[in-house]
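The sequence shown begins at 1065 in our numbering and counts up by one. The C-beta atom is built at its ideal place from N, Cα and C for all residues, glycine as well. A quick note: this is a predicted structure, and the numbers were derived from the prediction, not measured.
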Amino acid sequence: MKVIIAKSAGFCMGVRRAVEATLDIVNREDQGIATYGPLIHNPQVLDLLSERGVQVLTDIPDRTSGTVIIRAHGVPPAHKQKLQESGARIKDATCPRVIKVQVIIKKYRQQGYETVIIGDRNHAEVEGLMGYAREQGYVVSNEEDARALEIKNSYIIVSQTTQDENAFDSLSALILKRYPQGKVFNTICDSTHNRQEEVRKLCRRVGALVVVGGRSSANTQRLGEIAAGMGCPVFMAETEEDLDLAALSRYDTVGVTAGASTPSWMINRVVQALRSLPGKKEGFILPFLRKLVWLLLATNLYVSGAGGALAYAGGLLQGIAPRLTHFLMAAGYLFAMHNLNRFIDQRSKKFNDPHRALFYQKYRWLLLTASLIALAVALQAAFVLGTGPFVTLMVMSILGVLYRFRFIPKPLSSVIRFRRLKEIPGSKTFFVALAWAFVTVLLPAWGAQAIGIQTWGVLLLILLVVYVRSAMFDVLDVMGDRIVGKETLPIFIGEKKTIKLLHLLLALLLGMSLIFPALGWTSPLGWWLIPGILYLATVIHAYEKEKLTQGLKLEIGLETALLLIAGLTWLGRYLQT
1065 MKVIIAKSAG FCMGVRRAVE ATLDIVNRED QGIATYGPLI HNPQVLDLLS ERGVQVLTDI
1125 PDRTSGTVII RAHGVPPAHK QKLQESGARI KDATCPRVIK VQVIIKKYRQ QGYETVIIGD
1185 RNHAEVEGLM GYAREQGYVV SNEEDARALE IKNSYIIVSQ TTQDENAFDS LSALILKRYP
1245 QGKVFNTICD STHNRQEEVR KLCRRVGALV VVGGRSSANT QRLGEIAAGM GCPVFMAETE
1305 EDLDLAALSR YDTVGVTAGA STPSWMINRV VQALRSLPGK KEGFILPFLR KLVWLLLATN
1365 LYVSGAGGAL AYAGGLLQGI APRLTHFLMA AGYLFAMHNL NRFIDQRSKK FNDPHRALFY
1425 QKYRWLLLTA SLIALAVALQ AAFVLGTGPF VTLMVMSILG VLYRFRFIPK PLSSVIRFRR
1485 LKEIPGSKTF FVALAWAFVT VLLPAWGAQA IGIQTWGVLL LILLVVYVRS AMFDVLDVMG
1545 DRIVGKETLP IFIGEKKTIK LLHLLLALLL GMSLIFPALG WTSPLGWWLI PGILYLATVI
1605 HAYEKEKLTQ GLKLEIGLET ALLLIAGLTW LGRYLQT
């Protein structure tokens, strides 16, 4: 089945800001963290925060301690003051767009204006806004409310930030017709506007629309109402288990959008479930190929094969005769370590790629056995190369497995900030790239007793290529990694800055690929790396410009960059001969 995902689906700026602020506090403080009211309207996210020790306060205690986070929807000012008086440390996670509406209401109330709020009467945001309007505030949810209004003074009209724009315009016009002395402020946020417009456009392209989000999320329900109003069949889903797959299978193309508080991993679950359905006009071949590619990626056969091919290419780039031993050592080690680390890291995979996490759970013994066999093959191949490569690969294997385990005793944690290698910000990406560079470049050269300037030149090139590839996967996994407390590069410096850094590294790689062969720091085959580096840059650029979204195509695109670099090196060698 063809699935079209709305570009704006998922966390809006305000929700993302609130969740990230809460997770930052959770990672700094061990206990005493609470939100005043549900932080956002998504039960799955709230459950995850609860697992991390975040409580939800429904009433304000007279005395309390710790940190209390004000929900993204905002609260009445009287409630905020009472929280401060209770002794709690306050972290205000109110969405900046909501704060803007609060400021408008407060400003005009002080000038004697009344306030009309167009929105859902019992919504948390509206209740907070009414706290700023005080007794001069009115809530209008429908035409009946608008006709029942009795306004005597000058007034302003504002909107709940997630209101339907068409409804806001019609209700505002109705009120102004009765009381023309009003001032209108369209305070619907840009994210809401874009999301609603995208739904209208999407409905013209698809047979049906799936809207993912919490049942209590007003903006999620509103997206469904807009689509239904256009005559598009709508399927509301809080999780993938809510999908009516039998009904959805009748359509060739299905659109997917999501509310502002829906996390990316929940959207991914729904999309994966939809893509597993055969399209009405699809034959046998395409679904089979799709499943085969997914299986090669899920088992790490594809990436480990690319690593083995890269070891062969690494030998050519150094002027070393490639051997089957090099391929077996690299492919076996990478297959084993990628799989073993995924077994250890199941918690974040549950969020970033739940379908793959279930696959690992179901076939854990088969994959674990295959990984141990592959590691044994890799160690045997390294032993053939010599004692040095064998011992080095053994140490690398042990460090790879122990990456997430504590190596600094707890009593020393006050002196040494990091108790695990994984707690060093951005360390995972660097160590992964370093391991690839060692196993594909350094160890084969060591075994051939041919370590020289070309070894270090090729090692640097391969290290940077793999670093870019691995850092890009960290960008894709940033939300799940943040939830489980990982310290990846995108979490440390931000996703946008990470992608900018990757562009700089790719530019550096292009320069090195041009210069190193001329200086003799690689063999002349180094020039053949340039198309592969440009291809990798193109894939990342396509993601940045939203031409490629997170999923199978993007993953295979990133992994293929390594295989392409190896293949081009082989091609260059063939053409030379």
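Query raised in the report: What is the DSSP secondary structure of V1132, counted as helix, strand or coil?
Result: strand
Query raised in the report: Is the beta carbon of R1314 less than 8 Å from the beta carbon of M1294?
Result: no
Requested in this report: Answer yes if the region 1357 to 1369 comes into contact with the region 1391 to 1407, meaning at least three C-beta pairs across the two stretches below 8 Å, and no otherwise.
Outcome: yes
Requested in this report: Look up L1622 in the DSSP assignment and say whether it is helix, strand or coil.
Outcome: helix
Requested in this report: Evaluate the contact criterion for the region 1495 to 1502 versus the region 1550 to 1565: three or more CB pairs, one atom per stretch, below 8 Å.
Outcome: no
Query raised in the report: Near L1570, which residues of its chain fall below 7 Å by C-beta distance, leaving aside the five closest residues on each side in sequence?
Result: V1532, I1597, L1600, A1601
Query raised in the report: Near A1272, what residues of its chain come up, given a Cβ to Cβ distance below 6 Å and the 5 sequence neighbours on each side ignored?
Result: P1297, Y1315, V1318
Query raised in the report: Which residue from V1204, L1628, E1093, Y1219 puts its Cα closest to that of D1228?
Result: V1204
Query - alpha helix (DSSP H) runs contained entirely in the region 1354 to 1407, provided each spans 4 or more residues - result: 1365 to 1382
Query - Range of the contiguous beta strand (DSSP E) that encloses Y1121 - result: Inspection of the sequence shows that residue 1121 is occupied by Leu rather than by Tyr. Where L1121 is concerned, the enclosing beta strand (DSSP E) stretches over 1118 to 1121.
Query raised in the report: Who are the Cβ neighbours of D1033 in its own chain at under 8 Å, not counting the five residues just before and after it?
Result: Since the first residue of the chain shown is 1065 and the last is 1641, residue 1033 is not available in this structure.
Query raised in the report: Of all the options H1419, W1510, L1573, S1491, which has the alpha carbon lying nearest to the alpha carbon of A1445?
Result: W1510
Report task. Go through its chain and collect everything with a Cβ distance to L1635's Cβ below 8 Å, but skip five positions before and after it. Result -> W1592
Query raised in the report: Using the C-alpha atoms, what's the distance from L1626 back to A1291?
Result: 42 Å
Query raised in the report: If you draw a straight line from the alpha carbon of P1386 to that of A1630, how long is it in whole angstroms?
Result: 12 Å
Query - DSSP state of R1428 mapped onto helix, strand, coil - result: helix
Query raised in the report: Pick from R1135, F1580, L1553: whose alpha carbon is nearest that of V1526?
Result: The question names Val, yet the displayed sequence has Ile at residue 1526. Per the Cα distances, F1580.
Query raised in the report: Where does I1069 sit, in a helix, a strand or coil, going by DSSP?
Result: strand
Query raised in the report: How would you label W1429, buried or exposed, when you count the other beta carbons within 10 angstroms and need 16 or more for buried?
Result: exposed
Report task. Look at the alpha carbon of L1381 and the alpha carbon of G1396, and state the distance between them as a whole number of angstroms. Result -> 21 Å
Query - Span of the alpha helix (DSSP H), counted from its first residue to its last, around G1022 - result: No statement about residue 1022 is possible, as the shown extent of the chain runs from 1065 to 1641 and does not include it.
Query raised in the report: According to the Cβ coordinates, are G1278 and S1325 closer than 8 Å?
Result: yes
Report task. Assign N1283 to buried or exposed, taking buried as 16 or more other Cβ atoms, counted over all protein chains shown, within 10 Å of its Cβ. Result -> buried
Requested in this report: Assign A1073 to buried or exposed, taking buried as 16 or more other Cβ atoms, counted over all protein chains shown, within 10 Å of its Cβ.
Outcome: buried
**Report entry** Cβ pair count under 8 Å reaching 3, the region 1213 to 1233 against the region 1164 to 1180
**Finding:** yes
Query raised in the report: Of the residues Q1224, V1276, Q1285, V1274, which one's Cα is nearest the Cα of I1252?
Result: Q1224
Requested in this report: With a cut-off of 8 Å on the beta carbons, I'd call V1503 and M1393 a contact; round off their distance for me.
Outcome: 6 Å
Query - Three-way DSSP call (helix, strand, coil) for A1098 in this model - result: strand
Report task. Please classify D1088: is it buried, with 16 or more other beta-carbons within 10 angstroms of its beta-carbon, or exposed? Result -> exposed
Requested in this report: Could you check which residue in L1436, K1609, S1534 has the C-alpha nearest to that of L1622?
Outcome: S1534
Query raised in the report: Would you call the region 1159 to 1169 and the region 1122 to 1130 touching, i.e. three or more CB-CB distances under 8 Å?
Result: no
Report task. Using only alpha-carbon positions, find the residue among V1067, R1637, T1613 that is nearest to R1339. Result -> V1067
**Report entry** Contacts around S1587, its chain only, beta-carbon distance under 6 Å, and the 5 residues preceding and following it disregarded
**Finding:** L1381, G1383
Query raised in the report: Which residues in the same chain as L1436 place their Cβ atom closer than 8 Å to its Cβ, once the five residues preceding and following it in sequence are excluded?
Result: A1400
**Report entry** 8 Å contact criterion, which Y1424 and F1407 should meet: CB distance rounded
**Finding:** 7 Å
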